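A.B. asks: Mind having a look at this structure? Questions to follow.
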Amino acid sequence: MAKDHLNVLNALDVAKTQWYHFTAIVIAGMGFFTDSYDLFCISLVTKLLGRIYYYEEGSNKPGSLPSNVAAAINGVALCGTLAGQLFFGWLGDKMGRKRVYGITLMLMVICSIASGLSFSKDPKAVVITLCFFRFWLGFGIGGDYPLSATIMSEYANKKTRGAFIAAVFAMQGFGILAGGMVAIIVSSVFSAYYPAPPFSADPVLSTIPQADYVWRIILMFGALPALLTFYSRMKMPETARYTALVANNAKQAAEDMSKVLQVEIVAEPEKIQELEKRRGNDFGLFTTQFFRRHGLHLIGTATTWFLLDIAYYSQNLFQKDIFSAIGWIPPAKTMSALEELFKIARAQTLIALCSTVPGYWFTVALIDRMGRVKIQLMGFFFMTVFMFGLAIPYHHWTLNGNQIFFVVLYSFTFFFANFGPNATTFIVPAEIFPARLRSTCHGISAAAGKAGAIVGAFGFVYAESTIGVRYTLIILGVINFFGMMFTFLVPEPNGKSLEEMSGEAEEETTATTESTLEAGLGVRT
1 MAKDHLNVLN ALDVAKTQWY HFTAIVIAGM GFFTDSYDLF CISLVTKLLG RIYYYEEGSN
61 KPGSLPSNVA AAINGVALCG TLAGQLFFGW LGDKMGRKRV YGITLMLMVI CSIASGLSFS
121 KDPKAVVITL CFFRFWLGFG IGGDYPLSAT IMSEYANKKT RGAFIAAVFA MQGFGILAGG
181 MVAIIVSSVF SAYYPAPPFS ADPVLSTIPQ ADYVWRIILM FGALPALLTF YSRMKMPETA
241 RYTALVANNA KQAAEDMSKV LQVEIVAEPE KIQELEKRRG NDFGLFTTQF FRRHGLHLIG
301 TATTWFLLDI AYYSQNLFQK DIFSAIGWIP PAKTMSALEE LFKIARAQTL IALCSTVPGY
361 WFTVALIDRM GRVKIQLMGF FFMTVFMFGL AIPYHHWTLN GNQIFFVVLY SFTFFFANFG
421 PNATTFIVPA EIFPARLRST CHGISAAAGK AGAIVGAFGF VYAESTIGVR YTLIILGVIN
481 FFGMMFTFLV PEPNGKSLEE MSGEAEEETT ATTESTLEAG LGVRT
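Just so we're aligned: 336 in the UniProt record's numbering is position 336 of the sequence shown, and the numbers increase by one with no gaps anywhere.
Rendered as structure tokens:
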């Protein structure tokens with residue numbers, strides 16, 4: 001580390017792991033818990049919504065959502081998330097990380113509750129209301145991506161920064177797990193109090209009227225974890241890197257971090273002023289200078305996240321369809337509405353417990369040893385291998401007795417997504433761009449990912465119905481391969497400070513050297 005590096009930033013880089021690191025992980029991580037719960041729990045209740053609102057009397061099969069309605073319900077929150085990532089990412093660099101953080105959280109709380117309050121018996125009214133509030137829920141969730149990643153990266157020390165950011169993101173796994181567990185508990189309680197026959201025995205009574213409350217409770221529960229962390233978020237100080245390097249207030253940065261680190265940090269306002277005056281380097285996003293320094297990096301982070309999310313969200317949102325197709329979940333006719341919800345939730349929870357959650361924590365444990373790029377390359381490689389392993393002998397996996405092996409291979413794709421690019425695409429954009437553009441660039445990368453998620457959510461519905469599951473899985477395998485190729489555009493931030501990665505350390509060194517030279521020349525004249 002250069003000796004002229006700002007004291008407050010140097011103190012953060014070399015700080016030992018202490019209580020405030022874990023507090024920051026929990027506060028930022030609970031936002032991600034809520035994010036993933038809200039985005040993924042909708043996939044659990046779509047078949048129940050079809051049974052409640054789209055059953056045609058006299059039909060010999062349970063009601064199901066029309067493909068355009070299913071795509072809208074699954075995809076609308078993703079559209080909101082994309083918009084939120086761009087808007088709040090930009091706002092986080094303009095207003096500060098902390099000030100925007102509370103807005104995103106309240107938006108998530110209000111819209112989670114409102115998502116379950118579309119009281120009406122008319123299918124159209126329910127779907128429109130649900131889609132409206134889930135768009136704004138997604139908008140709030142979108143803001144949490146760049147802000148949580150940027151806050152954690154700017155709070156963390158240099159040695160374990162990757163693990164800390166990965167731990168925040170790993171809460172996503174617990175959110176997915178919680179979504180499944182809440183659905184299991186709620187459906188079990190309602191089934192115990194209101195028993196129902198399977199559809200084949202009684203098409204009407206198989207969907208009890210009380211089922212209309214089940215999906216609402218599942219969606220509204222997402223507000224609770226976000227609400228619990230609101231006070232803590234408001235008490236967090238602004239990050240020192242934003243205060244010092246963007247707001248140019250070295251005194252406030254030193255005061256804030258002295259309290260947090262519980263050490264005395266000397267403010268250096270003169271160094272900040274000199275840096276600001278000398279560097280002449282506060283280039284914006286849409287400049288030749290930015291493109292020369294960081295253009296390929298931004299293309300790399302955005303492209304890899306885009307390609308990953310096509311595959312990852314397709315897998316997550318449509319697990320239930322794949323499980324039904326291979327016979328792991330019984331035919332809908334043989335179950336009541338709540339029994340079907342229970343079995344879908346149980347399958348998704350099992351996948352999350354055995355592969356999704358462990359994958360995240362393997363990343364936490366190994367990212368600062370292996371490095372981001374190696375983990376991302378490895379993850380994309382194995383996702384490609386396992387996708388082709390599922391797709392090429394697809395007919396074999398559908399035969400009786402073989403389904404369990406399909407599920408095992410399918411679980412491995414989730415494991416290597418999370419011990420791989422799903423974590424690293426979130427981490428790297430928070431480490432390699434300048435402080436004044438960090439939140440914006442993370443937001444752009446994340447929005448590219450959500451564009452991929454939208455392609456996955458809308459595209460999978462039509463691909464599955466037109467070319468079938470097998471060829472859809474082959475396409476996802478090819479997409480993963482391209483993700484591996486584009487990873488070579490991404491630099492390795494492991495073991496380096498944020499200022500070294502972004503080029504701001506060079507600016508500090510240049511400014512201080514020029515200042516010293518001028519002072520020396522002034523003495524001699």
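The beta carbon of each residue, even a glycine, is placed where N, CA and C say it ideally should be.
This one's a predicted model, so the numbers in the text were calculated from it and none came from an experiment.
Looking at the unbroken alpha helix (DSSP H) that takes in Y145, where does it start and where does it end?
C.D. replies: Translated into the one-based positions of the sequence shown, residue 145 becomes position 145. Element bounds for Y145: P123 to Y155.
A.B. asks: Roughly how many angstroms lie between the CA atoms of H294 and M501, to the nearest whole one?
C.D. replies: Along the sequence shown, one-based indexing puts residue 294 at 294. Along the sequence shown, one-based indexing puts residue 501 at 501. Near 10 angstroms, if we compare the C-alpha coordinates of M501 and H294.
A.B. asks: Determine the contact status of I42 and D212, defining contact as a CB-CB distance below 9 angstroms.
C.D. replies: What you label residue 42 is simply residue 42 of the sequence shown in a count that begins at 1. What you label residue 212 is simply residue 212 of the sequence shown in a count that begins at 1. No; because the gap between Cβ atoms is not below 9 angstroms, this pair is not in contact.
A.B. asks: Tell me which residue opens and which closes the alpha helix (DSSP H) that Y213 is part of.
C.D. replies: In the sequence shown, the residue the question calls residue 213 occupies position 213. Run containing Y213: A211 to M220, per the alpha helix (DSSP H) assignment.
A.B. asks: Between G92 and the rest of its own chain, which residues show a CB-CB distance below 7 angstroms, the 5 nearest in sequence each way excluded?
C.D. replies: As a position in the sequence shown, residue 92 is number 92, starting the count at 1. Excluding residues within five positions, the ones whose Cβ falls inside 7 angstroms are V100, P146, L147, T150 and S439.
A.B. asks: Considering only C-alpha positions, which residue in the set Q315, L399 and G459 is nearest to F414?
C.D. replies: Taking the first residue of the sequence shown as 1, we reach residue 414 at position 414. The option with the nearest alpha carbon to F414 is Q315.
A.B. asks: Go ahead and pull the three-state DSSP assignment for T510.
C.D. replies: Mapped onto the sequence shown, residue 510 falls at position 510. Legend: pLDDT at T510 = 49, less than 50; position of this residue unreliable, no value from coordinates given.
A.B. asks: Per DSSP, what kind of secondary structure is Y55 in: helix, strand or coil?
C.D. replies: On the sequence shown, position 55 is the one that residue 55 refers to. Coil, per DSSP.
A.B. asks: Taking just the CA atoms, how far does L9 sit from K3?
C.D. replies: Reading the sequence shown from its first residue, position 3 is the one you call residue 3. Reading the sequence shown from its first residue, position 9 is the one you call residue 9. Low local confidence applies: a pLDDT of 43 at K3 is under 50, so the model's placement there is unreliable, with the coordinate-based value given in what follows. The alpha-carbon atoms of K3 and L9 are separated by roughly 12 angstroms.
A.B. asks: To which residues of the same chain is A178 closer than 6 angstroms at the C-beta, ignoring the five residues directly before and after it?
C.D. replies: Here residue 178 corresponds to residue number 178 of the sequence shown, with the count starting at 1. Only Y37 meet the Cβ criterion.
A.B. asks: Assuming Q376 is part of the alpha helix (DSSP H), what are its boundary residues?
C.D. replies: Taking the sequence shown and counting its residues from 1, one reaches residue 376 at position 376. Note, Q376: alpha helix (DSSP H), R372 to A391.
A.B. asks: In the DSSP assignment, the alpha helix (DSSP H) including T81 goes from what residue to what residue?
C.D. replies: Counted from its first residue, the sequence shown places residue 81 at position 81. Taken as a continuous stretch (DSSP letters only), the alpha helix (DSSP H) holding T81 covers S67 to M95.
A.B. asks: DSSP three-state call for T303: helix, strand or coil?
C.D. replies: On the sequence shown, position 303 is the one that residue 303 refers to. Helix, per DSSP.
A.B. asks: Name the residue from S115, M106 and F199 whose alpha carbon lies nearest to the alpha carbon of N60.
C.D. replies: On the sequence shown, position 60 is the one that residue 60 refers to. Selected option, being the one with the closest Cα: F199.
A.B. asks: Below 7 angstroms CB to CB, which residues in the same chain sit around L296 once its five sequence neighbours on both sides are set aside?
C.D. replies: The sequence position of residue 296 within the sequence shown is 296, counting from 1. For L296, where only same-chain residues beyond five positions count, the Cβ hits under 7 angstroms are L489.
A.B. asks: At which residues does the alpha helix (DSSP H) containing Q252 begin and terminate?
C.D. replies: Stepping through the sequence shown from its first residue, residue 252 is reached at position 252. Segment A250 to L261, the alpha helix (DSSP H) holding Q252.
A.B. asks: Under 8 angstroms by Cβ, that's how I've got N480 and M383 pegged, so tell me the actual separation to the nearest angstrom.
C.D. replies: Position 480 of the sequence shown holds residue 480. Position 383 of the sequence shown holds residue 383. With 8 angstroms as the limit, N480 and M383 qualify as a contact, their Cβ atoms being about 4 angstroms apart.
A.B. asks: Taking C-alpha atoms, which residue in D282, P123, M387 and I165 lies nearest to E504?
C.D. replies: On the sequence shown, position 504 is the one that residue 504 refers to. Closest option to E504, Cα to Cα, is D282.
A.B. asks: What's the call for P195, buried or exposed, on a 16-neighbour Cβ count within 10 Å?
C.D. replies: Counting from one through the sequence shown, the residue named residue 195 turns up at place 195. It is exposed - the Cβ of P195 has fewer than 16 other Cβ atoms within 10 Å.
A.B. asks: Following the continuous alpha helix (DSSP H) through M236, name the residue where it begins and the one where it ends.
C.D. replies: Position 236 of the sequence shown, counted from the start, is the residue given in the question as residue 236. Counting along the chain, M236 falls outside any alpha helix (DSSP H), and DSSP gives it neither H nor E.
A.B. asks: Indicate the three-state DSSP secondary structure (helix, strand or coil) for R436 in the structure shown.
C.D. replies: Residue mapping note: residue 436 aligns to position 436 of the sequence shown, counting from 1. Three-state DSSP puts R436 in coil, outside helix and strand.
A.B. asks: Which same chain residues, not among the five before or five after Y312, have their C-beta less than 7 angstroms away from its C-beta?
C.D. replies: Within the sequence shown, residue 312 is the residue found at index 312, counting from 1. Within the same chain, Y312 has close Cβ partners A417 and N422.
A.B. asks: To the nearest whole angstrom, what separates the beta carbons of K368 and A163, a pair I think is in contact under 8 angstroms?
C.D. replies: Within the sequence shown, numbered from 1, the residue matching residue 368 stands at position 368. Within the sequence shown, numbered from 1, the residue matching residue 163 stands at position 163. According to the sequence shown, residue 368 is Asp rather than Lys. Confirmed, about 5 angstroms.
A.B. asks: Just to confirm the assignment, what range does the alpha helix (DSSP H) spanning R293 have?
C.D. replies: By 1-based counting over the sequence shown, the position of residue 293 is 293. From DSSP, R293 is part of no alpha helix (DSSP H); its letter is neither H nor E.
A.B. asks: Of all the options F32, Y231 and A332, which has the alpha carbon lying nearest to the alpha carbon of G138?
C.D. replies: As a first step, residue 138 is located in the sequence shown; it is residue number 138 there, counting from the start. The option with the nearest alpha carbon to G138 is F32.
A.B. asks: DSSP state of A519, grouped into three classes?
C.D. replies: Locating residue 519 in the sequence shown gives position 519, where the first residue counts as 1. Interpretation of A519 is limited by its pLDDT of 44, a score under 50 that renders its predicted location unreliable; the figure taken from the coordinates is listed afterwards. Helix at A519.
A.B. asks: By Cβ distance, which residues of its chain are closer than 6 angstroms to Q355, with the 5 residues on each side in sequence left out?
C.D. replies: Counting from one through the sequence shown, the residue named residue 355 turns up at place 355. Correcting the residue type first, residue 355 is Ser in the shown sequence and not Gln. If we look at S355 and ignore the five residues flanking it on each side, its Cβ neighbours are S411, F414 and F415.
A.B. asks: Under a three-way DSSP split, which group does I467 fall into?
C.D. replies: Taking the sequence shown and counting its residues from 1, one reaches residue 467 at position 467. Coil.
A.B. asks: Mind checking whether L44 and L341 have CB atoms under 9 angstroms apart?
C.D. replies: Start at 1 with the first residue of the sequence shown, and residue 44 comes out as number 44. Start at 1 with the first residue of the sequence shown, and residue 341 comes out as number 341. In contact: L44 and L341 (Cβ atoms closer than 9 angstroms).
A.B. asks: According to DSSP, is F482 part of a helix, a strand, or is it coil?
C.D. replies: By one-based count along the sequence shown, residue 482 stands at place 482. Correct three-state label for F482: helix.
A.B. asks: Between the C-alpha atoms of E255 and V214, what's the straight-line distance to the nearest angstrom?
C.D. replies: Along the sequence shown, one-based indexing puts residue 255 at 255. Along the sequence shown, one-based indexing puts residue 214 at 214. Approximately 49 angstroms, taken between the alpha carbons.
A.B. asks: How about F132 and G300: do their beta carbons lie closer than 9 angstroms?
C.D. replies: By 1-based counting over the sequence shown, the position of residue 132 is 132. By 1-based counting over the sequence shown, the position of residue 300 is 300. No, these two residues do not count as a Cβ contact at 9 angstroms.
A.B. asks: Whole angstroms are fine: how far does the CA of K259 sit from the CA of T243?
C.D. replies: Translated into positions along the sequence shown, residue 243 becomes position 243. Translated into positions along the sequence shown, residue 259 becomes position 259. Roughly 15 angstroms between the two C-alpha positions.
A.B. asks: For V109, which of F230, G327 and L308 has the nearest alpha-carbon?
C.D. replies: Here residue 109 corresponds to residue number 109 of the sequence shown, with the count starting at 1. With distances taken between Cα atoms, V109 lies closest to F230.
A.B. asks: Measure the C-alpha to C-alpha separation of G84 and D309 and round it to an integer number of angstroms.
C.D. replies: As a working note, residue 84 is residue 84 in the sequence shown. As a working note, residue 309 is residue 309 in the sequence shown. Each residue's alpha carbon lies about 17 angstroms from the other.
A.B. asks: Taking buried to mean at least 16 other C-beta atoms within 10 Å of its own C-beta, is Q348 buried or exposed?
C.D. replies: For the purposes of this step, residue 348 is identified with residue 348 of the sequence shown, where counting begins at 1. Q348 is buried by the Cβ-count criterion.
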